[in-house]
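Below: the structure, in structure tokens.
Residue numbers (this note's numbering): 8 to 125.
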């Protein structure tokens with residue numbers, strides 16, 4: 008039996024390092040789109056809530072209504088999305104985001120039950 012050549016060893020090392028990339032499944036475009044839209048919406052909500060003291064209640068409520076409508080569209084898209092084998096994304100949406108009230112909904116409820124400011 009002859010010893011392995013340098014070329015054979017180099018090929019084995021290359022296969023070892025490239026195997027994880029070859030086995031990686033492709034990202035579902037629906038899941039990726041939902042994640043991007045959700046991150047953008049959450050950033051927008053956070054920035055709105057940070058500046059709520061500087062704006063009138065009517066303006067804040069109108070901006071919150073607009074974000075609430077966007078969130079409802081996002082939730083409908085999440086319900087329509089086929090997550091396939093992506094269990095982590097499925098659990099994020101169906102066991103978390105869609106199940107419990109969001110920041111927008113909580114803030115909306117707070118405004119609805121708060122006394123009207125004059």
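Glycine included, C-beta positions come from ideal geometry on N, C-alpha and C. Because the structure is a prediction, the values reported are computed rather than measured.
For a quick check, are the C-beta atoms of residue i and residue j less than 8 Å apart?
| i | j | result |
| --- | --- | --- |
| residue 51 | residue 74 | yes |
| residue 48 | residue 95 | no |
| residue 41 | residue 84 | yes |
Applying the criterion that 16 or more other CB atoms from any shown protein chain within 10 Å of the CB defines a buried residue, is residue i buried or exposed?
| i | result |
| --- | --- |
| residue 64 | exposed |
| residue 45 | buried |
Tell me where the alpha helix (DSSP H) around residue i begins and ends.
| i | result |
| --- | --- |
| residue 56 | 36-57 |
| residue 120 | 110-120 |
| residue 107 | That residue, residue 107, is in no alpha helix (DSSP H); it is neither H nor E in DSSP. |
| residue 76 | 64-87 |
| residue 61 | Premise fails: residue 61 is in no alpha helix (DSSP H) and is neither H nor E. |
Rounded to the nearest angstrom, what separates residue i and residue j at their Cα positions?
| i | j | result |
| --- | --- | --- |
| residue 55 | residue 17 | 55 Å |
| residue 71 | residue 92 | 34 Å |
| residue 100 | residue 59 | 28 Å |
| residue 104 | residue 36 | 19 Å |
| residue 12 | residue 20 | 13 Å |
| residue 90 | residue 98 | 10 Å |
| residue 113 | residue 119 | 10 Å |
| residue 88 | residue 79 | 14 Å |
| residue 66 | residue 111 | 15 Å |
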